[in-house]
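Undergrad: Right, I'll just put the structure down here and ask away after.
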């Protein structure tokens, strides 16, 4: 602080039945289901408009067993196999079975899908899937098509009030005779100032944490807000060490931040990964070559990039066969970068993509704090284990948003008295960007595809220093500065929690690789659960694949 005097802003109070934080697939799907059931919903998003989040950028598609000869059992088996021993089989079966019903309902409601001459949805194949089960819409614009469809419906639904440019600062939790209960969200809104959104139920649907790293496929808003909100409120978080790096982001120079994704469906369609000499080396790495699990492909590419070598994705055979029309997003990305996939392979490198861990929930999205729910990437149901199966993310968001809504509707929604907090002073502003960039580079260097004990210990110390530096920033006084300050606080907290989880898992499994512990160990076939108050030690250990689903 600079010692200046800042007036305390008043806090406005608004009431609703449910507050949903996040405007991606999970947030909008949950809002729609709740409003259609008669609940008054306030949807908060820090973005300028709907939709927001990583769903908008998803190219690959939705994994769902709609094809002839496919089944939910086969889809679940592939999900478990990809999860490196930590996927809950019950949750995988639930996802696959409910996914058929949910996606069929969306298609019936008018969700556009790519279809063949027979009118049936065209289904592609991606890594670690045993069958063609990837549903596409708009070619490689599936995420954009899905969230645009949902956003149009949200805007047309009277029971949903959307608050844009609304940055959530903290959950409001009340102590009761039976423990703590969530009762609302304190947010800073561009046009209104500080607002306390009071509701008996809060649904977190804020997506992932990709912007904690210097290179990511995620948009700027993916700063781990929901996980940080839950952590500060005392909720349990799980599996935070497991961060999936997508193997093939376009390798272009630039400051820390988002890099364009080149969808895995390209490799499913026959694209090859080449070294600088033109050798397709994935066949040397894994029997499934380009269709090996994502962690295998990412590490194979990452090792070469770390040695200063260049790696390329060869799209020439696809473009020569006229398949470029199926990948309009990729074609546009390459054109904007001045690259011609028909003439030469395009450079790629791994980038932070998806967080398998998150706020621990049951099968219906309940967290460890009554009244607080979570769905989508922000949540951890153990359905992804240590390595998410390709194209299960959009499916997860749709399925568990629906389950949250159904379970929430069965619970009482009686309003409770709430104490209105003072408006906080948020250290932030333009200077927050410099600290955020420093933290991103640190995470990329020490907590990336491959980690080790000394590097993780150094990262923890330096992150603590950045946290102290962030607290000394001048308080921000406008929306942009306050949002930057809140995001920086969230980034640093989640980074510390990820580092702590990675330090303690002394093995390599799925997306978590320790150079000093390269083997997978049976003793570590369990989940780690952390809380904010126990930062620095594991609060609890939960055996893998034996957890009962609480439905």
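In the numbering used here, the protein residues as written are -6 to 544. Where a beta carbon is used, it is the ideal one built from N, C-alpha and C, also for glycine. Quick caveat: nothing in here was measured; it's all calculated off a predicted structure.
Contact defined as beta carbons within less than 8 Å: I believe residue 193 pairs with residue 409. What is the distance between those atoms, to the nearest angstrom?
TA: By 1-based counting over the chain shown, the position of residue 193 is 200. By 1-based counting over the chain shown, the position of residue 409 is 416. Right, the Cβ-Cβ distance comes to about 7 Å (below 8 Å), so this counts as a contact.
Undergrad: When you compare only the Cα positions, how much space is there between residue 100 and residue 40?
TA: Within the chain shown, the letter at position 107 stands for residue 100. Within the chain shown, the letter at position 47 stands for residue 40. C-alpha separation (whole angstroms): 27 Å.
Undergrad: Report the three-state DSSP secondary structure of residue -1 (helix, strand or coil).
TA: Within the chain shown, numbered from 1, the residue matching residue -1 stands at position 6. Only weak support exists for where residue -1 lies, its pLDDT of 43 falling under 50; the value from the coordinates is given anyway. Looking at residue -1 - three-state DSSP - the assignment turns out to be coil, as it is neither helix nor strand.
Undergrad: With 16 other CB atoms within 10 Å as the buried threshold, where does residue 24 fall?
TA: Against the chain shown, residue 24 aligns to sequence position 31. Per the 10 Å Cβ criterion, buried.
Undergrad: Skipping 5 residues on each side, what residues in its chain have a beta carbon closer than 7 Å to that of residue 439?
TA: What you label residue 439 is simply residue 446 of the chain shown in a count that begins at 1. The residues are 448, 449, 451, 452.
Undergrad: Given this structure, state the Cα-to-Cα distance separating residue 52 from residue 135, to the nearest angstrom.
TA: Taking the chain shown and counting its residues from 1, the one referred to as residue 52 is at position 59. Taking the chain shown and counting its residues from 1, the one referred to as residue 135 is at position 142. Cα-Cα distance, rounded: 6 Å.
Undergrad: Is residue 214 helix, strand or coil by DSSP?
TA: Residue mapping note: residue 214 aligns to position 221 of the chain shown, counting from 1. Of the three classes helix, strand and coil, the one that applies to residue 214 here is coil, per DSSP.
Undergrad: Taking Cβ positions, are residue 122 and residue 107 nearer each other than 8 Å?
TA: Position 129 of the chain shown holds residue 122. Position 114 of the chain shown holds residue 107. No; because the gap between Cβ atoms is not below 8 Å, this pair is not in contact.
Undergrad: Should residue 172 go down as buried or exposed, given a rule of 16 or more other Cβ atoms within 10 Å for buried?
TA: Walking along the chain shown from the start, residue 172 turns up at place 179. With fewer than 16 other Cβ atoms within 10 Å, it is exposed.
Undergrad: Where does residue 238 fall in DSSP's three states?
TA: If you number the chain shown from 1, residue 238 lands on position 245. Looking at residue 238 - three-state DSSP - the assignment turns out to be strand.
Undergrad: Starting from the C-beta of residue 459, find all residues in its chain whose C-beta is less than 7 Å away, skip the five residues before and the five after it, and write them out in chain order.
TA: Residue mapping note: residue 459 aligns to position 466 of the chain shown, counting from 1. Result list for residue 459: 428, 431, 432, 485, in chain order.
Undergrad: Please report the distance separating the alpha-carbon of residue 353 from that of residue 275.
TA: Position 360 of the chain shown, counting from 1, holds the residue named residue 353. Position 282 of the chain shown, counting from 1, holds the residue named residue 275. In a straight line, the C-alpha of residue 353 is about 35 Å away from that of residue 275.
Undergrad: If you draw a straight line from the C-alpha of residue 478 to the C-alpha of residue 240, how long is it?
TA: Position 485 of the chain shown, counting from 1, holds the residue named residue 478. Position 247 of the chain shown, counting from 1, holds the residue named residue 240. Each residue's alpha carbon lies about 31 Å from the other.
Undergrad: I need the straight-line Cα distance from residue 81 to residue 119, nearest angstrom please.
TA: Against the chain shown, residue 81 aligns to sequence position 88. Against the chain shown, residue 119 aligns to sequence position 126. Roughly 22 Å separates the two Cα atoms.
Undergrad: So, is residue 291 buried or exposed, given that buried needs 16 or more other C-beta atoms within 10 angstroms?
TA: Along the chain shown, one-based indexing puts residue 291 at 298. Buried: at least 16 other Cβ atoms inside 10 Å.
Undergrad: Label residue 357 either buried or exposed according to how many other C-beta atoms from any shown protein chain fall within 10 Å of its C-beta, with 16 as the threshold for buried.
TA: Locating residue 357 in the chain shown gives position 364, where the first residue counts as 1. Buried: at least 16 other Cβ atoms inside 10 Å.
Undergrad: Would you kindly work out how many angstroms separate the C-alpha atoms of residue 18 and residue 390, rounded to a whole number?
TA: Numbered from its first residue, the chain shown carries residue 18 at position 25. Numbered from its first residue, the chain shown carries residue 390 at position 397. Going by the C-alpha atoms only, they are around 6 Å apart.
Undergrad: Give the DSSP-derived three-state secondary structure of residue 274 in the structure shown.
TA: Here residue 274 refers to the residue found at position 281 when the chain shown is read from its first residue. Residue state, collapsed to three classes: coil.
Undergrad: Would you kindly work out how many angstroms separate the C-alpha atoms of residue 139 and residue 49, rounded to a whole number?
TA: Translated into positions along the chain shown, residue 139 becomes position 146. Translated into positions along the chain shown, residue 49 becomes position 56. Their backbone Cα atoms lie some 8 Å apart in a straight line.
Undergrad: May I ask which residues mark the beginning and end of the beta strand (DSSP E) holding residue 351?
TA: Walking along the chain shown from the start, residue 351 turns up at place 358. Residues 351 to 353.
Undergrad: Taking the alpha carbon of residue 510 as the reference point, which residue from 518, 501, 517 has its own alpha carbon closest?
TA: Locating residue 510 in the chain shown gives position 517, where the first residue counts as 1. Answer by Cα proximity: 501.
Undergrad: Do the region 315 to 334 and the region 140 to 158 touch if we need at least three Cβ pairs shorter than 8 Å?
TA: Cβ pair count under 8 Å is below three, so no.
Undergrad: At which residue ranges does the region 111 to 191 contain complete alpha helix (DSSP H) runs of 4 or more residues, listed in the order of the chain?
TA: Here the runs fully enclosed are 135 to 148.
Undergrad: For residue 490, which residues from the same chain have a beta carbon less than 7 Å from its beta carbon, with the 5 sequence-adjacent residues on both sides left out?
TA: Position 497 of the chain shown, counting from 1, holds the residue named residue 490. Within the same chain, residue 490 has close Cβ partners 224, 230, 233, 523, 528.
Undergrad: Evaluate contact between the region 181 to 188 and the region 461 to 477, counting only Cβ atoms and requiring at least three cross-stretch pairs below 8 Å.
TA: Yes: at least three Cβ pairs fall under 8 Å.
Undergrad: Could you check where the beta strand (DSSP E) with residue 552 kicks off and where it finishes?
TA: Given that the chain is displayed from residue -6 to residue 544, the structure contains no residue 552 and the question cannot be resolved.
Undergrad: Near residue 412, which residues of its chain fall below 6 Å by C-beta distance, leaving aside the five closest residues on each side in sequence?
TA: The residue you call residue 412 lines up with position 419 of the chain shown. Taken in chain order, the list of residues that qualify is empty.
Undergrad: Would residue 384 and residue 127 be called neighbours here (beta carbons separated by less than 8 Å)?
TA: In the chain shown, counting from the first residue as 1, residue 384 sits at position 391. In the chain shown, counting from the first residue as 1, residue 127 sits at position 134. In contact: residue 384 and residue 127 (Cβ atoms closer than 8 Å).
Undergrad: Exposed or buried, which one is residue 315 when buried takes at least 16 other CB atoms within 10 Å?
TA: Sequence index remark: in the chain shown, residue 315 carries index 322 (1-based). Residue 315 comes out exposed.
Undergrad: Is residue 243 buried or exposed, if buried means 16 or more other CB atoms sit within 10 Å of its CB?
TA: On the chain shown, residue 243 is found 250 positions in, with the first residue counted as 1. With 16 or more other Cβ atoms within 10 Å, it is buried.
Undergrad: Can you tell me whether residue 113 is buried or exposed, with buried defined as 16 or more other CB within 10 angstroms of its CB?
TA: Position 120 of the chain shown, counted from the start, is the residue given in the question as residue 113. Under this definition residue 113 is an exposed residue.
Undergrad: Quick one: what's residue 507 bridged to in DSSP?
TA: Working through the chain shown from its first residue, we reach residue 507 at position 514. According to DSSP, residue 507 bridges with 444, 510.
Undergrad: Would you mind reading off the limits of the beta strand (DSSP E) that contains residue 307?
TA: For the purposes of this step, residue 307 is taken as the residue at position 314 of the chain shown. Residues 304 to 307.
Undergrad: Given 8 Å as the limit, is there contact between the region 144 to 159 and the region 199 to 207, that is, 3 or more CB pairs closer than that?
TA: The answer is no - the region 199 to 207 does not touch the region 144 to 159, with fewer than three Cβ pairs under 8 Å.
Undergrad: Please report how far the alpha carbon of residue 35 lies from the alpha carbon of residue 344, in whole angstroms.
TA: As a position in the chain shown, residue 35 is number 42, starting the count at 1. As a position in the chain shown, residue 344 is number 351, starting the count at 1. Rounded to the nearest angstrom, the two C-alpha atoms are 33 Å apart.
Undergrad: Tell me the rounded alpha-carbon separation between residue 60 and residue 93.
TA: Position 67 of the chain shown, counted from the first residue, corresponds to residue 60. Position 100 of the chain shown, counted from the first residue, corresponds to residue 93. Whole-angstrom Cα-Cα distance: 10 Å.
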